[in-house]
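Residue numbers (the numbering used here), protein chains in the order written: chain E, 3 to 62; chain U, 11 to 289.
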């Protein structure tokens, strides 16, 4: 279940969203940054991307 | 986060491929890259660009599907596209006929939910569309979600997979919605990420993700594996260390070897022990 962080209006209007997933069953705690169709998922323990930006298909 | 990761973040996000989307219906604003016609009768027999089976037709009004069937029969032609997405469910009696004209008909159920139209069209043009969900249905009787991916394939997920989250929020399957350009499945106050679902149900996705993580991971084990592969070595080439030991280190079961183990590894790789993690 995501815990959304309320961003300043200007960022929201640009399409930014930030969600913290810290209580998931299968995934480690992570933060998801979304800007329209782009997404970055960063592990809070790993301090690195859980999924490469652009997804696993980005380089296929 | 390393600078390299930050660089990937700037260069990352989703690449675009050329979308082949045909929109039929009254549309006030035509998104870029989309071909739009008010009526199916206006759609030409041959569409420009990609082969016709790669085109996706999106119909926004229920009556348009009746026009489609009638016009296709009058013209005695097969519909010029591969897949049909109906934003407004067609009459159930017309679905078999639609299935006769298209390879795939999606959105036929009254319970079907879609991304907002602009996001849906955007996702269809993304290189990683297959890793996003553009729509789907929740069936309380079979207790399953049928989720449509951006490549128009359907993934079936049982309700029981979506357990209450740590703060006890339960999914409400009667309030299904899709957000964030297909990255998020919303079930009332509950949200699930597309990546989390795909990781569990799509072996191909897991393999691709693991391959990409191995390529970019920064742990000692990941560096050892990269360097070992670069040198053309097998895990059993580190005698007197067992292949099992090397495998455990590469998997991350052992944080970082030291002492004699580290010396053996470094000697075999032909590098200074401190340099291994730089690879």
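Positions of the beta carbon are idealized from the N, C-alpha and C atoms, including for glycine.
Chain U places a beta carbon closer than 7 Å to that of residue 36 (chain E), counting this residue as a contact.
A direct Cα-to-Cα measurement between residue 169 (chain U) and residue 153 (chain U) gives close to 5 Å. The Cβ atoms of residue 146 (chain U) and residue 157 (chain U) lie closer than 7 Å to each other. Ranked by how close their Cα comes to the Cα of residue 19 (chain E), the residues U:208, U:185, U:194, U:30 have U:194 in first place.
The Cβ neighbour count for residue 267 (chain U), taken over all protein chains shown within 10 Å, is at least 16; the residue is labelled buried. Rounded to whole angstroms, the Cβ separation of residue 180 (chain U) and residue 159 (chain U) is 25 Å, and the two are not in contact under 8 Å.
In chain order, 34, 36, 41 make up the part of chain E whose C-beta sits under 8 Å from the C-beta of residue 193 (chain U). Using a Cβ distance threshold of 7 Å, residue 144 (chain U) and residue 192 (chain U) count as a contacting pair. Collapsing the DSSP output to three states places residue 281 (chain U) in coil. With a 10 Å radius around the Cβ and a threshold of 16 neighbouring Cβ atoms, residue 190 (chain U) comes out buried. Comparing alpha-carbon positions, the option among U:187, U:288, U:209, U:254 lying closest to residue 236 (chain U) turns out to be U:288.
Contact annotation for residue 12 (chain E) against chain U: no contact, minimum CB-CB distance about 19 Å [criterion: below 8 Å]. Taking a beta-carbon distance threshold of 7 Å, residue 184 (chain U) does not count as an interface residue toward chain E. Cβ neighbours of residue 251 (chain U) within its own chain (closer than 8 Å, five residues either side excluded): 271, 274, 275. The C-beta distance from residue 44 (chain U) to residue 31 (chain U) rounds to 5 Å, short enough to fall under 8 Å. The beta-carbon distance between residue 70 (chain U) and residue 98 (chain U), rounded to whole angstroms, is 6 Å. This is short enough to meet the 8 Å contact definition.
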